[in-house]
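Under the working numbering, the first residue of the sequence shown is numbered 613, with each subsequent residue one higher. No residue lacks a Cβ here, since even glycine has one placed at the ideal position from N, Cα and C. Here is the structure we will look at, set down as structure tokens.
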Amino acid sequence: MASLCLLVLLLLCLPFISVAYRPGDIVPMSKMGQYHSSRTVWHDVIGKHCPIFAVNREVLIPIAKPTGYTGADPYKISFQVGKEKFLVPWLFLINRKSSEVPMIDMHLRYSGGDLHGVTAKIVDMPHHYVEIHPNIRKQFWDPQHWPKHVLVRYTWSGGTIRDRCDIWILRSVWV
613 MASLCLLVLL LLCLPFISVA YRPGDIVPMS KMGQYHSSRT VWHDVIGKHC PIFAVNREVL
673 IPIAKPTGYT GADPYKISFQ VGKEKFLVPW LFLINRKSSE VPMIDMHLRY SGGDLHGVTA
733 KIVDMPHHYV EIHPNIRKQF WDPQHWPKHV LVRYTWSGGT IRDRCDIWIL RSVWV
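Here it is in structure tokens:
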């Protein structure tokens with residue numbers, strides 16, 4: 613009887629295990645660009661440029677040249693992150709009232725295996741990055757050089773990773 617109860621309990625926990633992220637899992641992400649009131653469709657970002665669950669890291673994401681680009685108007689980018697599709701509002705990437713090379717600082721919040729939210733902002737790329745790679749500034753501001761590459765810093769904050777079945781079992785023991 614006890615083994616039957618344990619089997620039923622395990623079967624009830626399987627759907628929760630399959631939808632949860634684990635450290636090191638690729639978190640799916642899509643991006644959309646806007647230039648001069650013309651938007652692209654959502655494009656999936658390939659895995660090597662996506663956030664990795666609970667792993668702080670930096671990646672260079674390529675940005676394709678927008679149709680009709682002249683450099684006169686700002687270029688904006690937006691992201692959808694995770695299976696939950698958390699939306700990052702429009703971020704001004706090109707022609708943003710700064711002569712510094714932009715960098716996207718994306719902060720992801722999680723608890724256990726769940727992604728709870730995403731925020732992002734454009735910041736100036738740290739000067740030591742530009743000093744180490746002097747071509748970054750030249751290539752980013754050259755209107756003829758495409759695709760552009762933008763550095764994205766993913767930082768994570770959240771709780772410890774726990775198995776939902778363990779928590780569920782503990783709750784049922786106390787009841």
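Would you list the one or two residues that DSSP bridges to residue i?
i, result
"E670", "R765"
"R602", "Limits of the chain in this structure are 613 at one end and 787 at the other, which puts residue 602 out of reach."
"P714", "D736"
"F752", "In DSSP, F752 forms no bridge with anything."
"H703", "According to the sequence shown, residue 703 is Leu rather than His. According to DSSP, which records beta bridges pairwise, L703 is partnered with I689."
"T682", "BP columns for T682 are empty, so no partner."
State yes or no: is the C-beta of residue i within less than 8 Å of the C-beta of residue j?
i, j, result
"M641", "P663", "yes"
"L720", "W768", "yes"
"E696", "L763", "no"
"G725", "Y633", "yes"
"G680", "S649", "no"
Based on Cα-Cα distance, which residue from the options lies nearest to residue i?
i, options, result
"I673", "F752, G770 and W768", "F752"
"K688", "I675, G694, E670 and K697", "I675"
"T682", "Y647, K697, D726 and F704", "Y647"
"A666", "K660, D656 and I638", "I638"
"P678", "I706, G636 and L727", "I706"
"H655", "R708, F691, S649 and P686", "F691"
"S723", "G694, R708, G770 and G729", "G770"
"F684", "W702, P701 and P755", "Reading the sequence as shown, one finds Ala at residue 684 and not Phe. When only C-alpha atoms are compared, the closest one is P755."
Helix, strand or coil for residue i? Go by DSSP, reduced to three states.
i, result
"W758", "coil"
"R721", "strand"
"V693", "strand"
"K677", "coil"
"Y633", "coil"
"V787", "Reliability fails at V787, whose pLDDT of 48 lies under 50, so the model's placement of it is uncertain and the value that follows must be treated cautiously. Coil at V787, not helix or strand."
"I744", "helix"
Inter-stretch contact (C-beta, 8 Å, three-pair minimum) for the segment 732 to 746 and the segment 711 to 718: At 8 Å Cβ cutoff, the stretches touch.
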